[in-house]
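Student: If you're matching positions, the sequence shown starts at -19 in this note's numbering and goes up one per residue.
Note that beta-carbon positions come from the ideal geometry of N, C-alpha and C, so glycine has one too.
This structure is a prediction, so every number in the text was calculated from the model and none was measured.
There's a structure below that I have some questions on.
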Amino acid sequence: MTWTLVIHGGAGMMTRERITPEQDEGARAALGQALDAGAAVLSAGGSALDAVEAAVRVLEDDPHFNAGRGAALTHEGVAELDAAIMEGTGRDAGAVAGVTGTRNPVSLARAVMEQSRHVLLGGEGADLFSRDHGLEQAGQDWLVLPERRRQLEELRARGADSFDVDMKYGTVGAVARDTAGHVAAATSTGGVTGKRWGRIGDSPLIGAGTYADDRAGAVSATGSGEYFIRAGVAHEICARARLTGMPLQAAADAVMDDVKALGGRGGVIVTGPGGEAVWSFNTAGMFRARVGSDLARSIAIYGDE
Ligand code: ASP
-19 MTWTLVIHGG
-9 AGMMTRERIT
1 PEQDEGARAA
11 LGQALDAGAA
21 VLSAGGSALD
31 AVEAAVRVLE
41 DDPHFNAGRG
51 AALTHEGVAE
61 LDAAIMEGTG
71 RDAGAVAGVT
81 GTRNPVSLAR
91 AVMEQSRHVL
101 LGGEGADLFS
111 RDHGLEQAGQ
121 DWLVLPERRR
131 QLEELRARGA
141 DSFDVDMKYG
151 TVGAVARDTA
161 GHVAAATSTG
171 GVTGKRWGRI
181 GDSPLIGAGT
191 YADDRAGAVS
201 ATGSGEYFIR
211 AGVAHEICAR
221 ARLTGMPLQA
231 AADAVMDDVK
241 ALGGRGGVIV
251 TGPGGEAVWS
261 FNTAGMFRAR
271 VGSDLARSIA
281 IYGDE
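So, in structure tokens, the structure goes:
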């Protein structure tokens, strides 16, 4: 039986001029480690759910990406983290929004899925759930990095309206199909720099930034979240594939075109019951990588790779 894993570390203005050689190298190394973590689970016959969690945890801990350690900061300079996870068999899902004290929000999302009757917990309640359920805690001193403070200062200096100008989205995500034929998806993010008023993006919203359905596929998105919410991106890709029999690549491309028509930018990764390993993005680049039992490992950043 075959397995597939696709991961991303965000989409945006990634061009060779804007990414330093150190960033390029560091991001590729981290993507490689995340692939290894997920592939180890899948090649041993483990579940897609375990694989996407394992891959996303690596990216959350890595400072190159906007999730966990190194997350984008709110207007007030706080790391408020969002994450979601979903499995495609029973369409069970868990998510958290605006959490401030958990090292690996993707694992907190999984705890919400498996240890509560709820799907989405937010803010202080989610932080409390995290402590009550023994998730590893990490303070703002661990989550917040100087580079993110600098980005926030730069944004503030440009004025409040430059919310996501020059964005280099660094949200992370993973989708997998395991040897039993099941799919799962996970996404984790700090959201957008300078966010205010409890703003929540698409990442933790089931059907917008994250979705998994064994009948269609698994999707994790990254980009200007407001548009992804309005287009219901992750569910829409799965629905098109399921209802029309359209290949997942065509469904992903069509929905990303729709996002672009609304004014949104970003990308998605998708896998399906057939072991497809798809990505689609309408930005200059996207940190992305894939591997499978029948698929050579590849890691890419720029649009022309
Ligand atoms: N989609 C995320 C959000 O809007 C941002 C990102 O992809 O970096 O919160």
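#1: What first and last residue would you give for the alpha helix (DSSP H) that runs through H215?
#2: Less than 8 Å between the CB of V36 and some heavy atom of the ligand ASP, yes or no?
#3: Looking at L61: is its Cβ nearer than 9 Å to the Cβ of G181?
#4: What whole-angstrom Cβ distance do L39 and A47 have, given they're in contact under 8 Å?
#5: Which runs of the beta strand (DSSP E) fall wholly inside the stretch 80 to 104 and span at least 3 residues, in chain order?
#6: Any chance the CB of D182 is under 8 Å from a heavy atom of the ligand ASP?
#7: Assign M236 to one of three DSSP states: helix, strand, or coil.
#8: So for V145, helix, strand or coil by DSSP?
#9: What residues match up with M266 in a beta bridge as DSSP calls it?
#10: How is I(-1) classed by DSSP in three states: helix, strand or coil?
#11: Can we count V32 as close to the ligand ASP, meaning its CB is less than 8 Å from some heavy atom?
#12: Find the nearest neighbour of S273 within the set D158, K240, D238, M266, judged by alpha-carbon distance.
#13: Is F261 helix, strand or coil by DSSP?
#14: Could you check if E216 belongs to the surroundings of the ligand ASP, using beta carbon to heavy atom distance under 8 Å?
#15: Return yes when the Cβ of G57 is within less than 9 Å of the Cβ of A77, no when it is not.
#16: Between the beta-carbon of G286 and the beta-carbon of H55, is there less than 9 Å?
#17: Taking 9 Å as the threshold (C-beta atoms), are A269 and G12 in contact?
#18: Going by beta carbon distance, what residues of the same chain come within less than 7 Å of H113, once the five residues before and after it are set aside?
Tutor: So, from the data block:
#1: 213 to 224
#2: no
#3: no
#4: Going by Cβ atoms, the distance from L39 to A47 rounds to 6 Å, so yes, they are a contact pair.
#5: 100 to 102
#6: D182 Cβ: within cutoff of the ligand ASP.
#7: helix
#8: The pLDDT assigned to V145 is 45, lower than 50, so where the model puts this residue is not dependable, and the model offers no usable value.
#9: Paired residue(s): A(-9).
#10: coil
#11: Incorrect: V32 has no Cβ contact closer than 8 Å to the ligand ASP.
#12: D158
#13: In the structure shown, the three-state DSSP call for F261 is strand.
#14: no
#15: no
#16: Outside the displayed span of the chain (-19 to 285) sits residue 286, for which this structure offers no information.
#17: Result yes, Cβ atoms of G12 and A269 sit closer than 9 Å.
#18: A91, Q95
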